[in-house]
Amino acid sequence: MTPDGVRPENPADAAVWDAAAQVADPEIPVLSIADLGILRAAAATPDGAVVIITPTYSGCPAMETITTDVGAAVRAAGYAEVRVETVLTPAWTTDWMTEDGKRKLREYGITPPSGTAPVRGGPVRVGLSVKCPRCDSLQTQELARFGSTACKALYQCRSCLEPFDYFKVL
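Shown next, in the form of structure tokens:
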């Protein structure tokens with residue numbers, strides 16, 4: 001079982017994945033842990049199931065709830081023994097978010113990350129405009145580097161004047 005964030009092809013493992021993939025992120029309930037890329041691997045075992053998750057950052061306060069919810073969801077799918085493992089390497093990146101997840105964020109009023117995570121030792125990143133999720137204007141400004149959670153920044157649209165969260169590229 002390789003923690004690569006890809007739904008397994010093996011039907012038994014895929015059933016575990018599908019059960020775990022239904023768990024919603026407690027901080028952004030319109031997203032599943034699969035949408036966020038937190039779900040990294042799942043497998044059926046002779047006595048139950050194993051699920052591997054990676055937090056969006058090492059201090060994420062939602063991980064205890066996610067771990068509990070994954071265990072409950074997989075047990076509800078018929079697996080008596082469920083082991084949920086947290087893996088920190090490689091570190092989570094917004095590149096792991098699904099396109100469907102980014103669409104759901106936008107519809108929820110949070111601007112999804114734009115671009116891809118920086119490559120260490122690569123080119124210097126240039127900040128791009130952040131599009132307002134309400135009116136699509138690029139006339140926005142950052143109000144605070146940290147928004148409602150550490151992985152989001154608080155922005156305001158200069159066109160419609162609405163504040164909004166931007167899910168930072170990590």
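The sequence shown runs 1 to 170 under full-length UniProt numbering. Glycine included, C-beta positions come from ideal geometry on N, C-alpha and C.
Buried or exposed: where does Ser32 fall if 16 or more other Cβ atoms within 10 Å of its Cβ makes it buried? On the sequence shown, residue 32 is found 32 positions in, with the first residue counted as 1. Buried.
Is there contact here, the segment 76–92 with the segment 51–68, by at least three beta-carbon pairs under 8 Å? Because the criterion of three Cβ pairs below 8 Å is met, the segment 76–92 and the segment 51–68 touch.
Thr93, DSSP secondary structure in three states: Your numbering for residue 93 matches position 93 in the sequence shown. When secondary structure is reduced to three states using DSSP, Thr93 falls in the coil class, being assigned neither helix nor strand.
Closest Cα partner of Thr149 within the set Tyr166, Arg134 and Asp136: By one-based count along the sequence shown, residue 149 stands at place 149. Nearest neighbour of Thr149 by Cα position, chosen from Tyr166, Arg134 and Asp136, turns out to be Tyr166.
If Ala43 sits next to Asp13, beta carbons under 8 Å apart, how far is it from one beta carbon to the other, in whole angstroms? In the sequence shown, the residue the question calls residue 43 occupies position 43. In the sequence shown, the residue the question calls residue 13 occupies position 13. Taking C-beta atoms under 8 Å as the contact rule, Ala43 and Asp13 qualify, at a distance of about 5 Å.
Reduced DSSP category for Thr67 - H, G, I as helix; E, B as strand; rest coil: Your numbering for residue 67 matches position 67 in the sequence shown. Looking at Thr67 - three-state DSSP - the assignment turns out to be helix.
Drop a sphere of 10 angstroms on the beta-carbon of Thr94, count the other beta-carbons inside from all chains shown, and report buried for 16 or more, exposed for fewer. Start at 1 with the first residue of the sequence shown, and residue 94 comes out as number 94. Under a 10 Å Cβ-count criterion, Thr94 is classified as buried, with 16 or more other Cβ atoms of the shown protein chains found around its own Cβ.
Rounded to the nearest angstrom, what separates Pro8 and Ala21 at their Cα positions? Taking the sequence shown and counting its residues from 1, the one referred to as residue 8 is at position 8. Taking the sequence shown and counting its residues from 1, the one referred to as residue 21 is at position 21. As the crow flies, the alpha-carbon of Pro8 is around 12 Å from that of Ala21.
According to DSSP, is Val169 part of a helix, a strand, or is it coil? Position 169 of the sequence shown, counted from the first residue, corresponds to residue 169. Assigned with DSSP and collapsed to three states, Val169 falls in coil, not helix or strand.
Can you give me the start and stop residues for the beta strand (DSSP E) that Glu81 sits inside? Your numbering for residue 81 matches position 81 in the sequence shown. Counting along the chain, the beta strand (DSSP E) containing Glu81 begins and ends at Glu81 to Thr86.
Environment of Phe146 [buried if 16+ CB atoms lie within 10 Å]: Here residue 146 refers to the residue found at position 146 of the sequence shown. Exposed: under 16 other Cβ atoms inside 10 Å.
Measure the C-alpha to C-alpha separation of Asp100 and Asp35 and round it to an integer number of angstroms. Counted from its first residue, the sequence shown places residue 100 at position 100. Counted from its first residue, the sequence shown places residue 35 at position 35. Answer to the nearest angstrom: the Cα atoms are 7 Å apart.
Whether Ala73 touches Ala15 by CB criterion (7 Å): Here residue 73 is taken as the residue at index 73 of the sequence shown, counted from 1. Here residue 15 is taken as the residue at index 15 of the sequence shown, counted from 1. Note that the C-beta distance between Ala73 and Ala15 is not below 7 Å.
Does the beta-carbon of Val130 have 16 or more other beta-carbons within 10 angstroms, so that it is buried, or is it exposed? For this step, residue 130 is matched to residue 130 along the sequence shown. Val130 is buried by the Cβ-count criterion.
Kindly indicate which residue of Gly59, Val50, Phe164 and Lys152 has the alpha-carbon position closest to the one of Glu81. As a position in the sequence shown, residue 81 is number 81, starting the count at 1. That would be Val50, whose Cα lies nearest to the Cα of Glu81.
I'd like to check one pair, Cys135 with Cys160: are the Cβ atoms closer than 7 Å? By one-based count along the sequence shown, residue 160 stands at place 160. By one-based count along the sequence shown, residue 135 stands at place 135. Against a cut-off of 7 Å, the Cβ pair of Cys135 and Cys160 comes out as a contact.
Short of 6 Å in beta carbon distance, which residues of its chain neighbour Arg158, apart from the five on each side in sequence? Order them along the chain. Within the sequence shown, the letter at position 158 stands for residue 158. For Arg158, where only same-chain residues beyond five positions count, the Cβ hits under 6 Å are Gln139.
Neighbourhood of Ser114 by C-beta, 8 Å cutoff - its chain only, sequence neighbours within 5 removed: Residue 114 sits at position 114 when you count from the first residue of the sequence shown. Correct list, in chain order: Leu128, Val130, Lys131 and Val169.
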